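So the protein sequences, as listed, match chains X and F. Each step along the first sequence adds one to the number in our numbering, with nothing skipped, and position 21 is 21. So the mapping is simple: our numbering equals the position in the second sequence, first residue as 1, plus 1000. Beta carbons are placed, not taken as given, at the ideal position from N, Cα and C, and that holds for glycine. None of these values were measured; they are calculated from a predicted model. Read through the structure below, which is laid out as structure tokens, and then see the notes.
Number of protein chains: 2
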Amino acid sequence: MVDVANRAGVSLKTVSRVVNNEPNVQPDLIERVLAAVAELGFRRNHLASSLRSGQASATIGLLIEEIANPFYATIAGTAAEVVRQHDMMLIIASSEEDPARERQLLRDMCARRVDGLLVVPAGYDHSFLRTEVELGTPVVFLDRPAGGLAADTVLLDNRGGARAGVRRLVEAGHRRIGILLDSVGIHTMRERLDGAYDVLAPAGAPYDTRLVRDGIRDPAAAARTVADLLDRPDPPTAFFSLNNRITVGVIEELCRRGSDAALLGFDDFDLARLVPYPLTVIAYDTHELARVATELLFRRIEGDRSLPRTVVLPTELVARGAPPR
Amino acid sequence: MVDVANRAGVSLKTVSRVVNNEPNVQPDLIERVLAAVAELGFRRNHLASSLRSGQASATIGLLIEEIANPFYATIAGTAAEVVRQHDMMLIIASSEEDPARERQLLRDMCARRVDGLLVVPAGYDHSFLRTEVELGTPVVFLDRPAGGLAADTVLLDNRGGARAGVRRLVEAGHRRIGILLDSVGIHTMRERLDGAYDVLAPAGAPYDTRLVRDGIRDPAAAARTVADLLDRPDPPTAFFSLNNRITVGVIEELCRRGSDAALLGFDDFDLARLVPYPLTVIAYDTHELARVATELLFRRIEGDRSLPRTVVLPTELVARGAPPR
DNA sequence: ACCGATCTTGACAACGTTGTCTTCGAGGAT
DNA sequence: ATCCTCGAAGACAACGTTGTCAAGATCGGT
């Protein structure tokens, strides 16, 4: 910037004014400065700028579990869109469900003086963020609640969705329902499981360890589990898979066997219309989840100091898949 | 940091040394400083740090077309992983295939003094990056070549893959092949189309406008186009869809009609095993694409000054999908 | 011709850190 | 005892920018 000033024969400050489109600079000076900027290939140093002018780095931090997962990719895409509308940049990092890593990444983002944080929590204790929040970095949690910190949160109605879906299975007469899930350690999974038993227990099908299978991380494991359940003497007449990765494996095994078990899955998925098996999915609007959270964050950034609020977005039952041909 | 120094009764510089784990500080001073840091909730300002200590912000910029697209999400995930191994952060932005936006975003990333750029190009002219590159910000392009700038590039063998796939169709006797693509404006699409005609033309099936359909942006459009082609007097006996979004629509329509046309698709997809239609896909390793590009970038950041190189990754033919039941 | 208001420009300090240099003192070799 | 080296700590400037303030120029109104 000093070089530009010399080249244009003006002061440092005048260059700063021109570069930032501040008013009250003579047109001919503006022109000279812009010419010098072009000749010297000057680029404003955004770091120095935000260091001087307060703490705003025009950056939002987004912490998710895993970027490559379509659910989080959709969140990232929507967040990026809203962030862009505010002329800011987005830093994205994955916690990979590791609380220690989550903590480190969030600290690092704060060290970079992000203007706000969007977090899908991996851990159960986010009190370490309290200092940052008090110092003025707003945080919005999405998809899962935070632990030990009062903050804005946007959730899906996991329990209600599971209730509605399982109710439909029960109304169709199903009582032995195999339930497959990723990990009870994850809040959303617990909520979905609880929702299922909100309906199953009163219908005379109390919690049954043999029908609930935890720790299923990929479609292959889901397929094996379905095979195992169907080979038992008293096989389930229906399955409830608690995320879409599991649903894929379940469908695979049911198709392979030509089974006619009913299938309910949490999470919609893109290629559902190609699936050769009739299923009901509990769908929700991932874009909306991210949009609401990001807009909430920007309201905070713009100075909204009201009490933290929690928004719960509805889910919807949708019939998907074609009957096998 | 001044406050911490006062609190600990040491100088500013000593705090800096402790915070950065520099050697030659007395253990008792280290302890006092760390205590003060904890009491005051001190957080090192990463912006100020990188402003002073050179230009490194420990940040990599990734520019892709669309975050929510699984292909780019996979790239982002892999890049994030490698970047994390280097203790850096990743800024991600979407150009949405808009060259002007691409340019603006890249400039903005440079203004934030990223240590390097990973770019899936949207435009055809990247000469505006030359200054940055010369000033020491390395750039690696992936999936598509850059325009007007000599830089490292990692590509897929689009043309070779298309050739291999179409060769298989031709060997099976197909000559009337409907080809569906997104946009000839995109480099990868042109390469795939050229690859197809590398094989088709010598086999006596020269370029036929009626069989090549451009501008197909979503599965529904693909389905309509397939319907249209099949309703012609001389319908194609096979289809080649140039990306996976199109493949989905093609399968949908072929299933609906109970057609037995052969199908070749560029891009593998996740749920391919559930698809009730036999198809061959031209697959490739997206992780590898991103990994190679990111590692190339870090070699440049670490000072590799050799001539820019272009890496072309192979594709593979894979049989997918089940025959309709 | 004079005054105040407004516009234009620049000098200077400051943002929070770290690189460089200096100072001071202790320890070892002669 | 003297010299040299090395370790520990701090003073100070600098990174590239912008906020603040002051100075000078211009202008309209009296």
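{"Asked": "Give me the residue from Val-248(X), Ala-203(X), Glu-252(X), Leu-211(X) with the minimum Cα distance to Ala-238(X).", "Found": "Leu-211(X)"}
{"Asked": "Let me see if you follow: with CB-CB separation under 8 Å, is Glu-252(X) close to chain F or not?", "Found": "yes"}
{"Asked": "To the nearest whole angstrom, what separates the beta carbons of Ala-162(X) and Ala-196(X), a pair I think is in contact under 8 Å?", "Found": "5 Å"}
{"Asked": "What residue range does the alpha helix (DSSP H) around Asp-1198(F) cover?", "Found": "1187–1200"}
{"Asked": "Hey, does Ala-220(X) have any beta-carbon neighbour from chain F nearer than 8 Å?", "Found": "no"}
{"Asked": "Threshold first: 3 residues or longer. Then list the beta strand (DSSP E) segments lying entirely within the segment 1215–1288 of chain F, N to C.", "Found": "1238–1241, 1262–1266, 1279–1283"}
{"Asked": "What residues match up with Glu-1316(F) in a beta bridge as DSSP calls it?", "Found": "Ala-1283(F)"}
{"Asked": "Grab me the residues of Asp-1218(F)'s own chain with a C-beta within less than 8 Å of its C-beta, minus the 5 sequence neighbours each way, in chain order.", "Found": "Arg-1245, Gly-1249"}
{"Asked": "Return the chain-ordered list of same chain residues with a C-beta closer than 6 Å to the C-beta of Arg-159(X), the five sequence neighbours on each side being excluded.", "Found": "Glu-191, Asp-194, Gly-195"}
{"Asked": "Determine, for Asp-115(X), whether the minimum Cβ-Cβ distance to residues of chain F falls below 8 Å.", "Found": "no"}
{"Asked": "Closer than 8 Å, CB to CB, is Leu-1090(F) near chain X or not?", "Found": "yes"}
{"Asked": "May I ask you to list, following chain order, the residues of the segment 108–134 of chain X that have a beta carbon less than 7 Å from some beta carbon of chain F?", "Found": "Asp-108, Cys-110, Ala-111, Arg-112, Arg-113, Thr-131"}
{"Asked": "Taking Ile-1092(F) as part of the beta strand (DSSP E), name the residues at either end of that continuous run.", "Found": "1089–1094"}
{"Asked": "Residues of chain X with CB closer than 8 Å to the CB of Asn-1045(F), please, in chain order.", "Found": "Leu-51, Ala-111, Arg-113"}
{"Asked": "How big is the Cα-Cα spacing for Pro-1202(F) and Ala-1227(F)?", "Found": "28 Å"}
{"Asked": "Using 10 angstroms around the beta-carbon of Tyr-284(X), count the other beta-carbons present and answer buried if the total reaches 16, otherwise exposed.", "Found": "buried"}
{"Asked": "Can you tell me the Cβ-Cβ gap for Ile-1060(F) and Asp-1108(F), rounded? I've got them flagged as a contact below 8 Å.", "Found": "Contact doesn't hold; Cβ gap of about 14 Å is too wide."}
{"Asked": "Along chain X, which residues have their Cβ under 9 Å away from the Cβ of Ser-1016(F)?", "Found": "Per Cβ cutoff of 9 Å: no residues; Ser-1016(F) is ~14 Å from chain X at best."}
{"Asked": "For a test of the three-state rule: what should DSSP assign to Phe-1141(F), helix, strand or coil?", "Found": "strand"}
{"Asked": "Tell me where the alpha helix (DSSP H) around Thr-1014(F) begins and ends.", "Found": "1012–1019"}
{"Asked": "DSSP state of Leu-118(X), grouped into three classes?", "Found": "strand"}
{"Asked": "Report yes or no: is there a C-beta of chain X within less than 8 Å of the C-beta of Glu-1288(F)?", "Found": "no"}
{"Asked": "Does any C-beta atom of chain F lie closer than 8 Å to the C-beta of Arg-273(X)?", "Found": "yes"}
{"Asked": "Rounded to whole angstroms, what's the CA-CA distance from Ile-1064(F) to Leu-296(X)? Just pull it up for me.", "Found": "26 Å"}
{"Asked": "How many Å lie between Glu-1022(F) and Leu-156(X) at the Cα?", "Found": "47 Å"}
{"Asked": "Examine chain F for any beta-carbon lying closer than 8 Å to the beta-carbon of Ile-60(X), and answer yes or no.", "Found": "no"}
{"Asked": "Taking Cβ positions only, does Ala-48(X) come closer than 8 Å to chain F?", "Found": "yes"}
{"Asked": "Closer than 7 Å, Cβ to Cβ, to anything on chain F: give me those residues from the segment 259–273 of chain X, in chain order.", "Found": "Leu-271, Arg-273"}
{"Asked": "Buried or exposed, going by whether 16 or more other CB atoms sit within 10 Å of the CB of Glu-39(X)?", "Found": "exposed"}
{"Asked": "Assuming Leu-313(X) and Leu-289(X) are in contact, meaning their beta carbons sit under 8 Å apart, how far apart are those beta carbons, in whole angstroms?", "Found": "6 Å"}
{"Asked": "Considering only the beta carbon of each residue, do Ile-135(X) and Val-170(X) sit closer than 8 Å?", "Found": "The sequence given here has Leu at residue 135(X), not Ile. Result no, Cβ atoms of Leu-135(X) and Val-170(X) do not sit closer than 8 Å."}
{"Asked": "Assuming contact is defined by CB atoms lying nearer than 8 Å, are Val-10(X) and Val-37(X) in contact in what I supplied?", "Found": "no"}
{"Asked": "Answer with yes or no whether the minimum CB distance from Thr-137(X) to chain F is below 8 Å.", "Found": "no"}
{"Asked": "Do Ser-306(X) and Phe-266(X) have their CB atoms nearer than 8 Å?", "Found": "no"}
{"Asked": "Leaving out five residues on either side along the sequence, give the residues of the same chain with a beta carbon under 7 Å from the beta carbon of Pro-1138(F).", "Found": "Gly-1116, Leu-1297, Arg-1300, Ile-1301"}
{"Asked": "DSSP on Gly-161(X), reduced to helix/strand/coil?", "Found": "helix"}
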